[in-house]
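Trainee: Listed in order, the protein sequences are those of chains A and B. Residues 1 to 118 (our numbering) make up the first sequence, in order. Residues 119 to 236 (our numbering) make up the second sequence, in order. Glycine residues also receive a C-beta, built at the ideal position from the N, C-alpha and C atoms.
Number of protein chains: 2
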Amino acid sequence: MADTDQLSAVFSALADPTRRAILLALAEHDATVTELTAPLSISMPAVSRHLKVLERAALISRTRSGKWRGSRLQAAPLRDAADWIDRYRRFWDSSLTRLAPVQAAERATDRIPDNREL
Amino acid sequence: MADTDQLSAVFSALADPTRRAILLALAEHDATVTELTAPLSISMPAVSRHLKVLERAALISRTRSGKWRGSRLQAAPLRDAADWIDRYRRFWDSSLTRLAPVQAAERATDRIPDNREL
DNA sequence: CCTTCATTTAACCAACGTGTTAAATGAAAT
DNA sequence: ATTTCATTTAACACGTTGGTTAAATGAAGG
Numbered sequence: 001m002a003d004t005d006q007l008s009a010v011f012s013a014l015a016d017p018t019r020r021a022i023l024l025a026l027a028e029h030d031a032t033v034t035e036l037t038a039p040l041s042i043s044m045p046a047v048s049r050h051l052k053v054l055e056r057a058a059l060i061s062r063t064r065s066g067k068w069r070g071s072r073l074q075a076a077p078l079r080d081a082a083d084w085i086d087r088y089r090r091f092w093d094s095s096l097t098r099l100a101p102v103q104a105a106e107r108a109t110d111r112i113p114d115n116r117e118l
Numbered sequence: 119m120a121d122t123d124q125l126s127a128v129f130s131a132l133a134d135p136t137r138r139a140i141l142l143a144l145a146e147h148d149a150t151v152t153e154l155t156a157p158l159s160i161s162m163p164a165v166s167r168h169l170k171v172l173e174r175a176a177l178i179s180r181t182r183s184g185k186w187r188g189s190r191l192q193a194a195p196l197r198d199a200a201d202w203i204d205r206y207r208r209f210w211d212s213s214l215t216r217l218a219p220v221q222a223a224e225r226a227t228d229r230i231p232d233n234r235e236l
C-alpha cells in the first residue's frame, strides 16, 4: 500500500481474492476467525492478518465476546470505492453506443502532440 | 498482487493514488508518457511502470505512433470492479434504513457459536 | 549518418505483503 | 490452579512494488 489514504487502503484490501472471499462470507453473517478459516485452505494466522487488513480499511469491525472475536462487514468504504469508479461509468454503460464516437473524435484531435492519430 | 486473476489485478491497480490520477487524466483525453508525467512529481520511468501495471490490468491500451506512445483509458475492467462491489450495495444504500434491522437480527442469531452476541 | 527526443529497460534499494510454524495471550471450563 | 480453546504475535522466508539514476532502444529530423 505504502499509502494511508482511505481509498487506497480499500482497493488494496479488495485486491486479494482471499479477502474478497472473506467479505463475501461476512455478507451472509458475522463470523469468527475459525469459521472464516475453515473453507480457506490457509492457516488461521494468515486469516487473522487478512482480517487486520480489512479492519484497517474499515471494511469490517470486530467484536470480542469472551473467547471469540467476531467480524462484521462494514460496507461504507465500499460505497466510497463504488463512487470513485462510478465517475467512469459513462465510459462503459449504455451511453457507450451513443457517446463512443464522440469520445473517439475527441481523442483523435485532443491533446495529442500534432494529432498523430495515437 | 501475487495473483493473476483479473479482478485482483484491477483492484490492485486502483490501489495506487498515482495510478488513479493517471486514469483520471486519461478520462479527459489520451496522453503520452511525458504528458502524464508532467503533473506527477515522479520520474518518467516510474510513470512508465505504472502504465505497465494499468496495461496488465487492461485498464489502458497503448498505441505507438512514431516517437510517441499514447495511453487510452479502457473502462471495461472498471465495470467488472463496479459489478463486484455492487453486490454489497444493499448494505449501504437507501434500503439500509429498511433492511438494517433485519440484518442485525439475522446477525445476532445466525451462525455465531451459541449466540454470544458478537 | 549522427543527433535528438520519447520512452523503456536495467540495476539497485528499501519497504511491504503473504504465507509458514512456534510461542504468547487471554478467557472458559474443569 | 491448570488445562483447553480461539486467536494473535513473533520470527522467518521470499516474492513484489515503487522509487531512483544511468544506459539502451528506436523513430525523426538535420
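#1: In the DSSP output, what is isoleucine 60(A) paired with across the bridge?
#2: Can you tell me which residues form a DSSP beta bridge with serine 65(A)?
#3: Could you compute how far the alpha carbon of threonine 150(B) sits from the alpha carbon of threonine 136(B)?
#4: Could you list which residues in chain A have their beta carbon closer than 9 Å to that of serine 130(B), in chain order?
#5: Alpha carbon to alpha carbon, how far is proline 157(B) from alanine 199(B)? Give it in angstroms, no decimals.
#6: Check the Cβ-Cβ distances between leucine 125(B) and every residue of chain A, and say whether any is below 9 Å.
#7: Using a Cβ-Cβ cutoff of less than 6 Å, which residues in the same chain neighbour aspartate 30(A) once the five nearest sequence positions on both sides are dropped?
#8: Output yes if chain A places a C-beta closer than 9 Å to the C-beta of isoleucine 203(B); else output no.
#9: Pairs of beta-carbons, one from the region 42-53 of chain A and one from the region 11-25 of chain A, closer than 8 Å: are there three or more?
#10: For the alpha helix (DSSP H) that serine 12(A) lies in, which residues bound it at each end?
#11: With 16 as the cutoff for other CB atoms within 10 Å, does isoleucine 160(B) come out buried or exposed?
#12: Measuring only the C-alpha atoms, how far is leucine 24(A) from lysine 185(B)?
#13: Can you give the Cα-Cα distance for leucine 125(B) and arginine 205(B), rounded to whole angstroms?
#14: Exposed or buried, what is serine 61(A) when buried is set at 16 or more other beta-carbons lying within 10 Å of its beta-carbon?
Mentor: The short version:
#1: Leu73(A)
#2: Trp68(A)
#3: 16 Å
#4: Phe11, Ser12, Leu14, Ala15, Asp16
#5: 27 Å
#6: yes
#7: Gly70, Arg72
#8: yes
#9: yes
#10: 6-14
#11: exposed
#12: 47 Å
#13: 14 Å
#14: exposed
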